[in-house]
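Since the structure comes first, as structure tokens, the remarks are kept for the end.
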Amino acid sequence: MNLFKFLVGAATITVGACAVAGKVHRDKQRQEELDEFLCPDIDEPIEKEIQPSVSPLKNMESDIMGFKEAEEEILPVTLTYSFDSKEAAKQFQTEIAENGLTSSYDDEDKLVDVIYHEGVNESDLKILSNTLVNACTNTSAEYKGFHFNK
């Protein structure tokens, strides 16, 4: 009887040891798969072409040219720009005023609102776009968006 108990105990220990060894082997295999997934061994370098993001000035130009799809009744429209300093905002306002645009300055938020109330035909909008792009470039203004005043 003691021999039987000894054999059952030895078999139990062997089965347990095999189960632990199997678990360790599976864990090691899974870890290797995870390592290969996260850090693959690559012989050749990865080359990826990075697409440049659309600049705020390009967004502004497309917004302005989109006004031609609208009707005259949408006017006036307000375009908003932010600035780092009051001096840059004043220079921006001076440049656009030379081209007949009116604006207002919010000293607290350092924002300039440009109010456009001319036509929505393509030539008028192109002049508006060129004027604002030049003024933004000269003063480092950041285009924030637009809204209709009606």
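The numbering of the sequence shown is my numbering, which starts it at 1 and goes up by one. Virtual Cβ for every residue (Gly too), placed ideally from N, Cα, C. Nothing here was measured: the structure is a model prediction, and the numbers come from that model.
Under the assumption that residue i contacts residue j (Cβ atoms under 8 Å), give the Cβ distance between them as a whole number of angstroms.
i, j, result
"Val77", "Asn149", "7 Å"
"Phe146", "Leu79", "5 Å"
Give me, in chain order, the residues of the same chain whose beta-carbon lies closer than 7 Å to that of residue i; leave out the 5 immediate sequence neighbours on both sides.
i, result
"Ile64", "Leu125, Leu128, Ser129"
"Glu142", "Pro56, Tyr81, Ser82"
"Tyr105", "Ala89, Gln93, Val112"
Under three-state DSSP, which class holds residue i?
i, result
"Ser103", "strand"
"His117", "coil"
"Glu142", "strand"
"Leu79", "strand"
Beta-carbon within less than 8 Å of residue i's beta-carbon, same chain only, minus the 5 sequence neighbours each way: which residues are those?
i, result
"Val133", "Leu57, Met60, Glu61"
"His25", "none"
Apart from the five residues on each side of it in sequence, which residues of its chain come closer than 6 Å, Cβ to Cβ, to residue i?
i, result
"Thr139", "Ala88, Gln91, Phe92"
"Glu122", "Lys68"
"Thr102", "Ile115"
Meets three-Cβ-pair contact criterion under 8 Å: the segment 55 to 74 and the segment 86 to 105: no
Stretch pair the segment 23 to 35 + the segment 110 to 122: three plus CB contacts closer than 8 Å: no
Touch test, the segment 96 to 103 against the segment 54 to 62, Cβ-Cβ under 8 Å, three pairs minimum: no
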